[in-house]
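Q:
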Amino acid sequence: MIKYQTEFEGYLKTTKLHANESVDGIIKSLNSVSKHLGINLSTKNLGSNEEINDFVNQLTQAGKLPPKAIKQHKAAMQYYVNMANGL
Numbered sequence: 438m439i440k441y442q443t444e445f446e447g448y449l450k451t452t453k454l455h456a457n458e459s460v461d462g463i464i465k466s467l468n469s470v471s472k473h474l475g476i477n478l479s480t481k482n483l484g485s486n487e488e489i490n491d492f493v494n495q496l497t498q499a500g501k502l503p504p505k506a507i508k509q510h511k512a513a514m515q516y517y518v519n520m521a522n523g524l
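The opening residue of the sequence shown carries number 438 in this note's numbering; numbering runs sequentially from there.
1) Which residues in the same chain as SER485 place their Cβ atom closer than 7 Å to its Cβ, once the five residues preceding and following it in sequence are excluded?
2) Along the alpha helix (DSSP H) that carries ILE463, what are the first and last residues, could you check?
3) With H, G and I counted as helix, E and B as strand and the rest as coil, what does DSSP make of LEU483?
4) With the cut-off set at 7 Å, would you say TYR448 and MET514 are in Cβ contact?
5) Does any residue of chain B have a CB that is nearer than 7 Å to the CB of ILE439?
6) Assuming MET438 is part of the alpha helix (DSSP H), what are its boundary residues?
7) By Cβ distance, which residues of its chain are closer than 8 Å to ILE489, with the 5 residues on each side in sequence left out?
Next comes the structure, spelled out in structure tokens:
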């Protein structure tokens, strides 16, 4: 689950995404991160690059996702951190 999902979707719609990205895809990636880590994502636990790196390490160590999926999840988390920090 993603806290502030509606606000995040609005943020994504006004942000220039890469050619292979979509709002729905980014939301699905964050929901996947939430599911795999067993946490609800919010600006309190996903608000900095350090937290992104911590989550990436946890996902990598779990060994349940291929590197390409982890890369996509990291990009989605970066958008969320950017929103949280007003970037």
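Virtual Cβ for every residue (Gly too), placed ideally from N, Cα, C.
A: According to the structure shown:
1) VAL518
2) 460-474
3) coil
4) no
5) The structure shown contains no chain B; it holds only a single protein chain.
6) Counting along the chain, MET438 falls outside any alpha helix (DSSP H), and DSSP gives it neither H nor E.
7) LEU483, LYS511, MET514, GLN515, VAL518
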